[in-house]
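One structure is given below, encoded as structure tokens.
Number of protein chains: 2
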Amino acid sequence: MERPEAYPITYGVLGLLAFMGPLSGYDLKHLFDSMLAPMWGAAHSQIYNELRRMRELDWVEMEREEQESRPDRKVYHITQKGQKALTAWQSQPPGVYQIRDELLLKVMFGAFASPDALAKNLRAGLVEHEQRLHQYRMNSLLIPAHRTTQGEAYQGRSHFQPYTEENADESDLFLNLIAHFAVALEQTYIKWLQEAIAIIEHQPTGEQEQS
Amino acid sequence: MERPEAYPITYGVLGLLAFMGPLSGYDLKHLFDSMLAPMWGAAHSQIYNELRRMRELDWVEMEREEQESRPDRKVYHITQKGQKALTAWQSQPPGVYQIRDELLLKVMFGAFASPDALAKNLRAGLVEHEQRLHQYRMNSLLIPAHRTTQGEAYQGRSHFQPYTEENADESDLFLNLIAHFAVALEQTYIKWLQEAIAIIEHQPTGEQEQS
DNA sequence: TATATCATGTAATCGGTTACATGATTAA
DNA sequence: TTAATCATGTAACCGATTACATGATATA
């Protein structure tokens, strides 16, 4: 059995290049942290790896933008081969669905924590997820601003379209769907955290007062 | 900087041993797939690795249960050192929170999919998450049945208690909290999928009829 | 007859994280 | 003066996945 030539993270980078136009590794890292935060994370080192991988596959091409007093920007754009790969991926059934949540793990084994420690962790989680919710709401307001008009070089494929004004409505549809999901998820999480905190803090499991 | 001696997955195994009593690697794999499914997954090979790691740390001990015509069961139990480590972990701020969801990634870049392909993937996701919801509801009904009475050998620590009849109420509290979270999450996801499917399928993005 | 369950492990690989490395500009 | 931003990469490590390996019993 052969290993696949690409992984979800690969298509994350490829999709951003298709969707947002020519981008540098640095740009891509920022887009991962904002747009793809609800579904896939990536260190910058990994993004550079994926870019190298995709160049070897001829899914992307690179052009050097020279700059003074800064490292040159290496700007990547998707090729027709890359566009085909992206569409082909869309026809495969989705694989990975996984959650890794150390906070939930600690709640699960909350019987082995002091109530104080558990409550503290829950409250920190609440703050974190409230920030996340806030971010996602900000992002979804910014959606119409994310727009590239430089998508001239590589259009023409049947289903294939970069994000431009002509198809802004259609593209916004997916962006809005994702934003809606992210907000709904955080709301659910936050509501649960609040309930959990209320329960844990009103548990008389030790009666240890502390000024 | 030193690498940590243990990771969330390690505490997942340790917590199950503390909570459910002496268990084999095989038992642990099944408990991961049922109880810990909403927060952390593990292949069986990894569980065996963690057991070896924890034996080296003296967090667990092993006893061989001989069997005829089957491989011997190797049954692990937590030590006092392991109990201390578990409680100490509960006082650390939680680290990992990450979601990896290839379906969401495909929706995000849905502009590069045929509407048929996208709808198919969404419908498959709906089925999957409905099954998940059903499982979690089943599990939470089974909670009072998950009970070990063999936790005699290693009690006595201050906060430390295995899951027995005496503290069933307190332990059930955490189990119920997690079950409640898992159900709420799946409900949110399912509701979103239904909305997304409705939107995608009523999109006239090609008008390609197909009998 | 074939699949599922019980039961434990090793080997190979690689995705993903953390740390290392560099260095100018700009804002607090 | 310190920190953040811009900008790109390499090196080391390891957690996690997939495949390999074995073999009896029970169920469909």
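Read top to bottom, the protein sequences are chains A and B. Under numbering that gives the first Met the number 0, the letters of the first sequence match residues 0 to 210, in that order. Under numbering that gives the first Met the number 0, the letters of the second sequence match residues 0 to 210, in that order. Where a beta carbon is used, it is the ideal one built from N, C-alpha and C, also for glycine.
Practice item. Assign H201 (chain B) to one of three DSSP states: helix, strand, or coil. Key: As a working note, residue 201 (chain B) is residue 202 in the second sequence. Collapsing the DSSP output to three states places H201 (chain B) in coil.
Exercise for review: Would you tell me roughly how many angstroms separate the C-alpha atoms of P37 (chain A) and I98 (chain B), rounded to the nearest one?
Suggested key: As a working mapping, residue 37 (chain A) is identified with position 38 in the first sequence. As a working mapping, residue 98 (chain B) is identified with position 99 in the second sequence. Each residue's alpha carbon lies about 7 Å from the other.
Check your understanding: CA-CA distance, A84 (chain B) and F180 (chain B)?
Key -> As a working mapping, residue 84 (chain B) is identified with position 85 in the second sequence. As a working mapping, residue 180 (chain B) is identified with position 181 in the second sequence. Computed Cα separation, rounded: 26 Å.
Point to revise | Bridge partner(s) assigned by DSSP for K73 (chain B) | key: By one-based count along the second sequence, residue 73 (chain B) stands at place 74. According to DSSP, which records beta bridges pairwise, K73 (chain B) is partnered with B:R63.
Exercise for review: Could you tell me the distance, in whole angstroms, from the CA atom of I77 (chain B) to the CA atom of L13 (chain B)?
Suggested key: To locate residue 77 (chain B), count along the second sequence from 1; it is residue 78. To locate residue 13 (chain B), count along the second sequence from 1; it is residue 14. About 7 Å.
Review point. Less than 8 Å separating the beta-carbons of M107 (chain A) and F31 (chain B)?
Key: Position 108 of the first sequence, counted from the first residue, corresponds to residue 107 (chain A). Position 32 of the second sequence, counted from the first residue, corresponds to residue 31 (chain B). Cβ distance not < 8 Å, so M107 (chain A) and F31 (chain B) don't count as in contact.
**Study point:** Cβ separation of T86 (chain A) and A112 (chain B), assumed to be a contact under 8 Å, to the nearest whole Å
**Key:** Here residue 86 (chain A) refers to the residue found at position 87 of the first sequence. Here residue 112 (chain B) refers to the residue found at position 113 of the second sequence. T86 (chain A) to A112 (chain B), Cβ: 7 Å. Contact.
Check your understanding: Pick from A:G124, A:G94, A:S33: whose alpha carbon is nearest that of D100 (chain A)?
Key -> Against the first sequence, residue 100 (chain A) aligns to sequence position 101. It is A:G124 whose Cα lies nearest to the Cα of D100 (chain A).
Exercise for review: Can you grab the Cα-Cα spacing for the pair R72 (chain B) / L56 (chain A), in whole Å?
Suggested key: Numbered from 1 along the second sequence, position 73 holds the residue referred to as residue 72 (chain B). Numbered from 1 along the first sequence, position 57 holds the residue referred to as residue 56 (chain A). If you draw a straight line from the Cα of R72 (chain B) to the Cα of L56 (chain A), it comes to about 48 Å.
**Study point:** Range of the contiguous alpha helix (DSSP H) that encloses D26 (chain A)
**Key:** For the purposes of this step, residue 26 (chain A) is taken as residue 27 along the first sequence, with counting starting at 1. D26 (chain A) -> alpha helix (DSSP H) spans 24 to 33.
Point to revise | Helix, strand or coil at D57 (chain A) [DSSP, three-state] | key: Your numbering for residue 57 (chain A) matches position 58 in the first sequence. Here D57 (chain A) sits in coil by DSSP.
Exercise for review: Could you tell me the distance, in whole angstroms, from the CA atom of A116 (chain B) to the CA atom of S90 (chain A)?
Suggested key: Here residue 116 (chain B) refers to the residue found at position 117 of the second sequence. Here residue 90 (chain A) refers to the residue found at position 91 of the first sequence. Those two C-alpha atoms are separated by around 5 Å.
**Study point:** DSSP beta-bridge partners of R99 (chain A)
**Key:** To locate residue 99 (chain A), count along the first sequence from 1; it is residue 100. According to DSSP, residue pairing for R99 (chain A) in a beta bridge involves B:Q97.
Practice item. Give the residues of chain A in contact with T9 (chain B), contact being defined as C-beta atoms less than 8 Å apart. Key: As a working note, residue 9 (chain B) is residue 10 in the second sequence. Going along chain A, no residue has its Cβ under 8 Å from T9 (chain B), so there is no contact; the nearest lies around 11 Å.
Check your understanding: For the region 38 to 53 of chain B, which residues have a CB atom closer than 8 Å to at least one CB atom of chain A, in sequence order?
Key -> Listed by position, the residues of the region 38 to 53 of chain B near chain A (Cβ gap below 8 Å) are M38, W39, G40.
Check your understanding: Hey, how far is the Cα of D171 (chain A) from the Cα of G20 (chain A)?
Key -> Here the question's residue 171 (chain A) lines up with position 172 in the first sequence. Here the question's residue 20 (chain A) lines up with position 21 in the first sequence. Rounded to whole angstroms, D171 (chain A) to G20 (chain A) spans 15 Å at the Cα level.
Review point. For the candidate residues B:M34, B:S23, B:Y6, B:L27, whose alpha-carbon lies nearest to that of N138 (chain B)?
Key: Here residue 138 (chain B) corresponds to residue number 139 of the second sequence, with the count starting at 1. Ranked by Cα distance from N138 (chain B), the options B:M34, B:S23, B:Y6, B:L27 are led by B:M34.
**Study point:** is_contact[I177 (chain A), chain B] using C-beta, thresh 8 Å
**Key:** Taking the first residue of the first sequence as 1, we reach residue 177 (chain A) at position 178. With its beta carbon less than 8 Å from one in chain B, I177 (chain A) belongs to the interface.
Exercise for review: May I ask you to report which of helix, strand or coil DSSP gives W88 (chain A)?
Suggested key: In the first sequence, counting from the first residue as 1, residue 88 (chain A) sits at position 89. Of the three classes helix, strand and coil, the one that applies to W88 (chain A) here is helix, per DSSP.
Exercise for review: Following the continuous alpha helix (DSSP H) through F18 (chain B), name the residue where it begins and the one where it ends.
Suggested key: By one-based count along the second sequence, residue 18 (chain B) stands at place 19. Looking at the DSSP string, the run of the alpha helix (DSSP H) that includes F18 (chain B) is 7 to 19.
Point to revise | Closest residue to R131 (chain B) among A:A110, A:A118, A:Y96 (Cα-Cα distance) | key: Taking the second sequence and counting its residues from 1, the one referred to as residue 131 (chain B) is at position 132. Minimum Cα distance to R131 (chain B) is reached at A:Y96.
Practice item. Tell me whether the beta-carbon of I46 (chain B) lies closer than 8 Å to the beta-carbon of L103 (chain A). Key: Working through the second sequence from its first residue, we reach residue 46 (chain B) at position 47. Working through the first sequence from its first residue, we reach residue 103 (chain A) at position 104. In this structure, the beta-carbon distance from I46 (chain B) to L103 (chain A) does not fall below 8 Å.
Check your understanding: Closer than 8 Å, CB to CB, is T78 (chain A) near chain B or not?
Key -> Here residue 78 (chain A) refers to the residue found at position 79 of the first sequence. Cβ-Cβ to chain B under 8 Å: no for T78 (chain A).
Check your understanding: Where does Q82 (chain A) land, buried or exposed, given buried means 16+ other C-beta within 10 angstroms?
Key -> The residue given as residue 82 (chain A) occupies position 83 in the first sequence. Buried is the label assigned to Q82 (chain A), since at least 16 other Cβ atoms lie within 10 Å of its Cβ.
Exercise for review: Indicate whether at least one CB of chain B lies closer than 8 Å to the CB of G14 (chain A).
Suggested key: Looking up residue 14 (chain A) in the first sequence gives position 15. It does; some Cβ of chain B falls within 8 Å.
Exercise for review: Might you give, ordered along the chain, the residues of its own chain that have their beta carbon closer than 8 Å to the beta carbon of L121 (chain B), omitting 5 neighbours on each side?
Suggested key: Along the second sequence, read from residue 1 onward, the residue named residue 121 (chain B) stands at position 122. The answer, listed in chain order, is L102, V106, L192, A195, I196, I199.
**Study point:** 8 Å Cβ cutoff, R99 (chain B) in contact with chain A
**Key:** As a working note, residue 99 (chain B) is residue 100 in the second sequence. In terms of beta-carbon proximity, R99 (chain B) lines the interface with chain A, with at least one pair separated by less than 8 Å.
Review point. Of all the residues that make up the region 78 to 93 of chain A, which are near chain B by a beta-carbon distance shorter than 9 Å?
Key: Within the region 78 to 93 of chain A, the qualifying residues are Q82, L85, T86, W88, Q89, S90, Q91, P92, P93.
**Study point:** Spatial neighbours of L184 (chain A) in its chain, beta-carbon cut-off 8 Å, leaving aside the 5 residues before and after
**Key:** As a first step, residue 184 (chain A) is located in the first sequence; it is residue number 185 there, counting from the start. P37.
Review point. Using a C-beta cutoff of 8 Å, does M107 (chain A) count as contacting chain B?
Key: Counting from one through the first sequence, the residue named residue 107 (chain A) turns up at place 108. Yes, its Cβ sits closer than 8 Å to a Cβ of chain B.
Exercise for review: Please compile the residues from chain A whose C-beta is within a distance smaller than 7 Å of the C-beta of N120 (chain B).
Suggested key: Start at 1 with the first residue of the second sequence, and residue 120 (chain B) comes out as number 121. Correct list: P92, P93.
Point to revise | Residues near M212 (chain B) by beta carbon distance below 6 Å, same chain, minus five either side | key: The structure shown does not extend to residue 212 (chain B), since chain B is modelled only from 0 through 210, so no value can be given for it.
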